[in-house]
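>
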Ligand SMILES: [Zn+2]
């Protein structure tokens with residue numbers, strides 16, 4: 033049997049980013065449909081939707097308040113709304129779960145979707161993947177849409193005025209992109225759109241990493257002062273567009289598997305996706321015996337912008353073997369991207385790498401405290 037070597041990459045149809053870019057929303061809706069359904073949280077509905085000037089336009093639309101979980105019950109409820117209101121275009125406005133819900137609802141109904149992320153905390157907006165949870169918020173499955181969103185519209189004024197922790201978590205998610213892409217390229221592992229990485233995917237993943245190192249710290253300062261600086265624009269693009277294309281078109285590895293493993297511990301639930309991913313990156317560096325200069329660069333980046341480098345930074349105050357084994361077992365599940373690494377992965381090695389990551393993080397904190 034012959035197997036075809038396929039190189040694949042996936043992109044959003046159009047990506048628009050800028051200060052007050054949300055005012056372009058009425059025109060985009062009119063371009064793609066006649067009757068829009070906006071899915072938004074109560075806060076986004078009251079605070080952000082009015083800025084889009086949709087109310088003052090002649091666009092026909094209605095709003096559905098998202099109930100907070102991307103689960104089958106909620107998906108079904110909104111799917112019914114889509115039919116009842118004869119919607120022909122979906123707009124997902126808000127954070128990760130609202131966005132994922134909009135993507136799935138649109139995909140099932142065969143309608144175009146516009147994604148308007150109001151925070152830059154993950155690389156979900158541009159991708160064709162979405163995560164379905166149970167009603168209680170436990171991970172159930174990854175849903176792959178037939179096509180990526182038609183339009184991703186990012187207003188950097190909104191991003192600059194959101195809490196800084198979101199932007200920093202987004203940098204954690206984006207920081208994983210290059211390391212995971214590199215691992216997949218080394219072992220010729222499949223990406224998230226069912227093929228091998230293209231040069232495009234791999235180089236965009238690298239550009240994502242370089243952009244973070246160059247502008248990350250300045251972007252954090254800008255966000256603290258609610259200023260849309262060039263650095264904040266660059267980091268928004270890295271967190272949302274570069275990381276989005278990078279992970280989907282070049283693949284996942286240790287960082288996200290460790291994130292999934294960590295989610296088995298109740299203690300970590302208050303921490304964002306990108307924060308747990310950041311600890312996963314550090315674990316990956318130890319697991320694969322990365323060069324010491326690279327370890328130095330990544331730890332110091334995390335410390336500078338405020339990403340976790342120790343267990344206690346992600347809520348694990350006292351790590352014992354039983355807890356770590358629970359994490360490691362989930363991290364090493366057969367479907368996990370950690371098996372895309374060049375080294376043979378075992379639960380024992382994952383535990384060792386996590387302990388090493390935490391130890392170095394703590395030592396560095398102590399040293400910095402002395403200075
Ligand atoms: Zn991620």
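In this note's numbering, the protein residues as written are 33 to 403.
The C-beta atom is built at its ideal place from N, Cα and C for all residues, glycine as well.
In chain order, what residues of the same chain have a beta carbon less than 7 Å from the beta carbon of residue 140, not counting five sequence neighbours either side?
Walking along the chain shown from the start, residue 140 turns up at place 108. Excluding residues within five positions, the ones whose Cβ falls inside 7 Å are 111.
> Between residue 315 and ligand 1, is there a pair consisting of the residue's CB and a ligand heavy atom that are separated by less than 7 Å?
Walking along the chain shown from the start, residue 315 turns up at place 283. Outside the cutoff, so no.
> Roughly how many angstroms separate the alpha carbons of residue 82 and residue 68, rounded to a whole number?
Locating residue 82 in the chain shown gives position 50, counting from the first residue. Locating residue 68 in the chain shown gives position 36, counting from the first residue. Their backbone Cα atoms lie some 15 Å apart in a straight line.
> Counting pairs of Cβ atoms below 8 Å between the stretch 241-259 and the stretch 176-183, do you hit three or more?
Contact between the stretch 241-259 and the stretch 176-183 is absent: fewer than three C-beta pairs spanning the two stretches fall below 8 Å.
> Quick one: which unbroken alpha helix (DSSP H) runs of 4-plus residues sit fully inside the stretch 109-157? Chain order, please.
Listed in chain order, the alpha helix (DSSP H) runs fully inside the stretch 109-157 are 128-141, counting runs of at least 4 residues.
> Using only the alpha-carbon positions, how far apart do residue 50 and residue 185 sit?
Here residue 50 refers to the residue found at position 18 of the chain shown. Here residue 185 refers to the residue found at position 153 of the chain shown. The straight-line gap separating the alpha-carbon atoms of residue 50 and residue 185 is approximately 9 Å.
> Classify residue 366 as buried or exposed, calling it buried when 16 or more other Cβ atoms lie within 10 Å of its own Cβ.
Position 334 of the chain shown holds residue 366. Under a 10 Å Cβ-count criterion, residue 366 is classified as exposed, with fewer than 16 other Cβ atoms of the shown protein chains found around its own Cβ.
> Check this for me: beta carbons of residue 121 and residue 61, under 8 Å apart or not?
As a first step, residue 121 must be located in the chain shown, where it is residue number 89. As a first step, residue 61 must be located in the chain shown, where it is residue number 29. Contact: yes.
> Tell me the start and end of each unbroken alpha helix (DSSP H) in the stretch 188-216 that is at least 4 residues and wholly inside, in chain order.
188-192
> Looking at the unbroken beta strand (DSSP E) that takes in residue 67, where does it start and where does it end?
To locate residue 67, count along the chain shown from 1; it is residue 35. 67-72 is the span of the beta strand (DSSP E), which, as asked, contains residue 67.
> Using a 10 Å radius around the Cβ and a threshold of 16 neighbouring Cβ atoms, would you call residue 242 buried or exposed?
Counting from 1 along the chain shown, the entry for residue 242 is found at position 210. Classification of residue 242: exposed, given that the 10 Å Cβ count is below 16.
> What whole-angstrom Cβ distance do residue 392 and residue 331 have, given they're in contact under 8 Å?
Along the chain shown, one-based indexing puts residue 392 at 360. Along the chain shown, one-based indexing puts residue 331 at 299. The pair is a contact, with the Cβ atoms about 7 Å apart (cut-off 8 Å).
> Rank 73, 293, 136 and 91 by C-alpha distance to the C-alpha of residue 104 and give the top, closest one.
Translated into the one-based positions of the chain shown, residue 104 becomes position 72. If we check each option's Cα against that of residue 104, 136 comes out closest.
> Taking C-alpha atoms, which residue in 298, 247 and 308 lies nearest to residue 291?
One-based indexing of the chain shown puts residue 291 at position 259. Ranking 298, 247 and 308 by Cα distance to residue 291 puts 308 first.
> Excluding the five sequence neighbours on either side, which residues of its own chain have a C-beta within less than 6 Å of the C-beta of residue 148, listed in chain order?
Here residue 148 refers to the residue found at position 116 when the chain shown is read from its first residue. Cβ neighbours of residue 148 beyond the five flanking positions: 125 and 185.
> May I ask you to verify whether the stretch 187-204 touches the stretch 253-266, counting CB pairs closer than 8 Å and requiring at least 3?
Counting Cβ pairs under 8 Å, three or more are found: they touch.
> So, for residue 91: in the same chain, excluding its five sequence neighbours on each side, which residues have a beta-carbon less than 7 Å away from its beta-carbon?
Taking the chain shown and counting its residues from 1, one reaches residue 91 at position 59. Cβ neighbours of residue 91 beyond the five flanking positions: 58, 61, 62 and 68.
> With a cut-off of 8 Å, does the C-beta of residue 157 fall near any C-beta of chain C?
Among the protein chains of the structure shown there is no chain C, as only one such chain exists.
> Tell me whether the stretch 222-229 and the stretch 39-50 touch, counting them as touching only if at least three CB pairs, one residue from each stretch, are closer than 8 Å.
yes
> Using the rule of at least 16 other Cβ atoms within 10 Å of the residue's Cβ for burial, across every protein chain shown, is residue 298 buried or exposed?
Position 266 of the chain shown, counting from 1, holds the residue named residue 298. Residue 298 is exposed by the Cβ-count criterion.
> Since residue 172 is in the alpha helix (DSSP H), which residue starts that stretch and which ends it?
Position 140 of the chain shown, counting from 1, holds the residue named residue 172. Counting along the chain, residue 172 falls outside any alpha helix (DSSP H), though it belongs to the beta strand (DSSP E) covering 171-176.
> Ordered along the chain, which non-local residues of its own chain (more than five positions away) have a Cβ less than 6 Å from that of residue 343?
Position 311 of the chain shown, counted from the start, is the residue given in the question as residue 343. 351 and 390.
> How far does the alpha helix (DSSP H) with residue 311 in it extend, from its first residue to its last?
By one-based count along the chain shown, residue 311 stands at place 279. It spans 305-319 - the alpha helix (DSSP H) in which residue 311 sits, taken as one unbroken run.
> According to the Cβ coordinates, are residue 192 and residue 209 closer than 8 Å?
As a working note, residue 192 is residue 160 in the chain shown. As a working note, residue 209 is residue 177 in the chain shown. Their beta carbons are not under 8 Å apart, which means residue 192 does not touch residue 209 by this criterion.
> Measuring only from the beta carbon, is residue 309 closer than 7 Å to any heavy atom that is part of ligand 1?
Residue numbering aside, residue 309 sits at position 277 when the chain shown is read from its first letter. Yes, ligand 1 has a heavy atom inside 7 Å of this Cβ.
> Pull the bridge partners of residue 49 from the DSSP assignment, please.
Translated into the one-based positions of the chain shown, residue 49 becomes position 17. In the DSSP assignment, residue 49 forms a beta bridge with 186.
> Would you mind listing the alpha helix (DSSP H) stretches within the stretch 369-394 that are 4+ residues and don't spill past its ends, in chain order?
none
> For the stretch 260-280 against the stretch 311-328, are there 3 or more C-beta pairs whose distance is under 8 Å?
No: the two stretches stay apart, fewer than three of their Cβ pairs being nearer than 8 Å.
> How about residue 132: is its Cβ closer than 7 Å to a heavy atom in ligand 1?
As a working mapping, residue 132 is identified with position 100 in the chain shown. No, the Cβ of residue 132 stays beyond 7 Å of every heavy atom of ligand 1.
> In terms of DSSP beta bridges, what is residue 92 paired with?
By 1-based counting over the chain shown, the position of residue 92 is 60. BP columns for residue 92 point to 67.
> I think residue 286 touches residue 306, with their Cβ atoms under 8 Å apart; what is that distance to the nearest whole Å?
If you number the chain shown from 1, residue 286 lands on position 254. If you number the chain shown from 1, residue 306 lands on position 274. In fact, because the Cβ distance is near 15 Å, the residues do not count as touching under 8 Å.
> Could you check the C-alpha separation between residue 84 and residue 54 for me, to the nearest Å?
The residue given as residue 84 occupies position 52 in the chain shown. The residue given as residue 54 occupies position 22 in the chain shown. Distance between the alpha carbons of residue 84 and residue 54 is about 5 Å.
> How should residue 293 be labelled, buried or exposed, when 16 other C-beta atoms within 10 angstroms of its C-beta is the threshold for buried?
The residue given as residue 293 occupies position 261 in the chain shown. Counting Cβ neighbours within 10 Å, residue 293 comes out buried, since at least 16 surround it.
> By a C-beta neighbour count over all protein chains shown, 10 Å radius and 16 as the cutoff for buried, is residue 386 buried or exposed?
For the purposes of this step, residue 386 is identified with residue 354 of the chain shown, where counting begins at 1. Buried is the call here.
> Do residue 157 and residue 272 have their C-beta atoms within less than 8 Å of each other?
Counting from 1 along the chain shown, the entry for residue 157 is found at position 125. Counting from 1 along the chain shown, the entry for residue 272 is found at position 240. In contact: residue 157 and residue 272 (Cβ atoms closer than 8 Å).
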